[in-house]
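J.: Numbering (my numbering), first residue to last: 1337 to 1500.
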C-alpha cells in the first residue's frame, strides 16, 4: 500500500508540516526564527514539485523522489542544527543570536537593535510531549528520508536488477 500511495503521502506530509508552521505563526502568533524559516524551504520545493508532477502526470518518474531525497537532506541539516542550537550544543548563524556588539557610538547601537531579529534561535517557542518544533521536524524529515530511500530501492532497484 505504501508503494502505491507514496507520492501522495509525501505531498500530504509536506502540506501538513507547512500548514502547521503557518498555523503556529499566524493563528497562535508564534514568530519563527531564522532557522525555522530555513526549515520550511524543503517543504516549499517538495510541494511545488508535487503539484507540477501531479498536473503533468509524471508521478511514476524518479525525479520527484530524488528531489524529495535531496530536500530531506537539506532540511535535516537545518533542523538538526536548530536542535543543536536549542540545546546549546551548537552555535547558530549571526542572525540567530540576540547579542549586540560592543560599541561607543549610539547610532551604531541603535542600528544594531533595529536590525536584529526579535526571535532568538535558542528559544523554544512551543513544544509537544517535550519535543520542540525543530525536533519534530527533524523526526518527520528523517522518516521521509528513510521511507523514500526504501521506496526508491524497492521500485527502481528492482527494475535495474530485472534488466540484467
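Just so you know, even glycine gets a beta-carbon here, dropped at the ideal spot from N, CA and C.
Buried or exposed for residue 1462, please, with buried defined as at least 16 other CB atoms from any protein chain shown within 10 angstroms of its CB.
T.: Label assigned to residue 1462: exposed.
J.: Once DSSP output is grouped into helix, strand and coil, what is the label at residue 1425?
T.: Residue 1425 falls in the coil class under three-state DSSP.
J.: Measure the Cβ-Cβ separation of residue 1419 and residue 1346 and say whether it is below 7 Å.
T.: No; because the gap between Cβ atoms is not below 7 Å, this pair is not in contact.
J.: Quick check: residue 1378 and residue 1410, are their CB atoms within less than 7 Å of each other?
T.: A contact, by the Cβ cut-off of 7 Å.
J.: Is residue 1430 buried or exposed, if buried means 16 or more other CB atoms sit within 10 Å of its CB?
T.: Classification of residue 1430: exposed, given that the 10 Å Cβ count is below 16.
J.: Please list, in chain order, all residues of the same chain as residue 1501 whose beta carbon is under 6 Å from its beta carbon, the five residues on each side excluded.
T.: Lying before the first or after the last residue shown, residue 1501 is absent from the chain, which here runs from 1337 to 1500.
J.: Helix, strand or coil for residue 1467? Go by DSSP, reduced to three states.
T.: Three-state DSSP puts residue 1467 in a strand.
J.: Where residue 1500 and residue 1490 are concerned, what is the direct C-alpha to C-alpha distance, given to the nearest angstrom?
T.: Here the model assigns residue 1500 a pLDDT of 47, short of 50, so the residue's position is not dependable, and the following value carries that caveat. C-alpha separation (whole angstroms): 16 Å.
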